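K.L.:
Below: one structure in structure tokens.
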Amino acid sequence: MRVALFITCLNDTMAPEAGRATVEILERLGHEVVFPEAQTCCGQMHANSGYQTQAVPLARRFVRIFGDPSLQAIVSPSASCVGMVHDQYPRLAQLADDEDLAQRVAEITPRVFELSQFLVDELGVEDVGAVFPHRVTYHPTCHGLRGLKLGDAPLKLLRNVRDIDLVELPEATTCCGFGGTFAVKNADTSAAMLSDKLRAVLDTGADVCTAGDSSCLLHIGGGLSRQRAGVRTMHLAEILAAR
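This is the structure we're talking about:
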């Protein structure tokens, strides 16, 4: 299968290891991975901050860059950005009264997947041959849990990682407090939510906290680092790529 990597701007600049791991996993499974170099921000930051009109050109750019019909799938290590394409692009097309954009969004959306969604739901793969001998807990991010409704797809993949000690995260479905610009505009509330999440992570005794969104991992990882907790964060893709 010919697959495009939708890296997202946050991963590209702040967590490129998640993108590299995604490519490694897909190539291990025998897929051809291409990287459209002209890709840029999907517009999520704009749309979620109330600037929907400014996000429309970015939606148009996305469907143009990834609109190559030879791309059988567009895969991203970011549930939030995939959620942006699925949930908000149709609304942006309607807002702009752009029938061409609406049609192109409708055509491309069924090919846009979050990594675990693509592996488990599209390919039917739950074991990618990973080996990771560490105690790990999994945080389901809000966009993956409530937006894309990934269910237990990430956990199915983690349970098939050899030598892993996977422990349940208490109150796992509670938001970590990041929420993009929410953490900036509502810093005190965000910090309080993060404190609760950090306590839950530490209660597991895990060495590693993983998730499917680098944004949430940066938030959680920053809190753990400031506490010198000795717990590191890793993207789900990094664990699945480990051999």
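Going by our numbering, the sequence shown opens with residue 23, and the numbers climb by one from there.
Note that the Cβ used here is the ideal one computed from N, Cα and C, for glycine as well.
Keep in mind that this is a model prediction, so the values were computed, not measured.
#1: Would you tell me roughly how many angstroms separate the C-alpha atoms of aspartate 119 and isoleucine 96, rounded to the nearest one?
#2: Kindly provide the ranges of any beta strand (DSSP E) runs that are 3 or more residues long and lie completely inside the segment 112-190, ordered along the chain.
#3: Where leucine 179 and asparagine 208 are concerned, what is the direct C-alpha to C-alpha distance, given to the nearest angstrom?
#4: What does the Cβ neighbour count give for alanine 26, buried or exposed, with the cut at 16 atoms within 10 Å?
#5: Quick check: what's the CA-CA separation for leucine 145 versus proline 79?
#6: Looking only at C-alpha atoms, which of Val85, Met67, Val142 and Thr211 sits nearest to arginine 181?
#7: Would threonine 159 and alanine 228 be called neighbours here (beta carbons separated by less than 7 Å)?
#8: Determine whether the beta carbon atoms of valine 134 and valine 104 lie at a separation below 7 Å.
#9: What is the DSSP secondary structure of alanine 251, counted as helix, strand or coil?
#10: So the candidates are Ala222, Ile29 and Met23; which of them puts its Cα closest to the Cα of alanine 259?
#11: Looking at the secondary structure, which residues open and close the beta strand (DSSP E) in which leucine 27 lies?
P.N.:
The short version:
#1: Residue mapping note: residue 119 aligns to position 97 of the sequence shown, counting from 1. Residue mapping note: residue 96 aligns to position 74 of the sequence shown, counting from 1. Going by the C-alpha atoms only, they are around 26 Å apart.
#2: 134-136, 157-160 and 187-189
#3: Position 157 of the sequence shown, counted from the first residue, corresponds to residue 179. Position 186 of the sequence shown, counted from the first residue, corresponds to residue 208. The straight-line gap from Cα to Cα measures roughly 34 Å.
#4: Numbered from 1 along the sequence shown, position 4 holds the residue referred to as residue 26. Classification of alanine 26: buried, given that the 10 Å Cβ count is 16 or more.
#5: Locating residue 145 in the sequence shown gives position 123, counting from the first residue. Locating residue 79 in the sequence shown gives position 57, counting from the first residue. Cα to Cα, the separation comes out at about 32 Å.
#6: For the purposes of this step, residue 181 is taken as the residue at position 159 of the sequence shown. Residue Val142 is the option with its Cα nearest to arginine 181.
#7: Working through the sequence shown from its first residue, we reach residue 159 at position 137. Working through the sequence shown from its first residue, we reach residue 228 at position 206. Yes, the Cβ-Cβ distance between threonine 159 and alanine 228 is below 7 Å.
#8: Indexing the sequence shown from 1 puts residue 134 at position 112. Indexing the sequence shown from 1 puts residue 104 at position 82. In this structure, valine 104 lies closer than 7 Å to valine 134 by Cβ.
#9: As a working note, residue 251 is residue 229 in the sequence shown. Correct three-state label for alanine 251: coil.
#10: Along the sequence shown, read from residue 1 onward, the residue named residue 259 stands at position 237. It is Ile29.
#11: The residue given as residue 27 occupies position 5 in the sequence shown. Residues 24-27.
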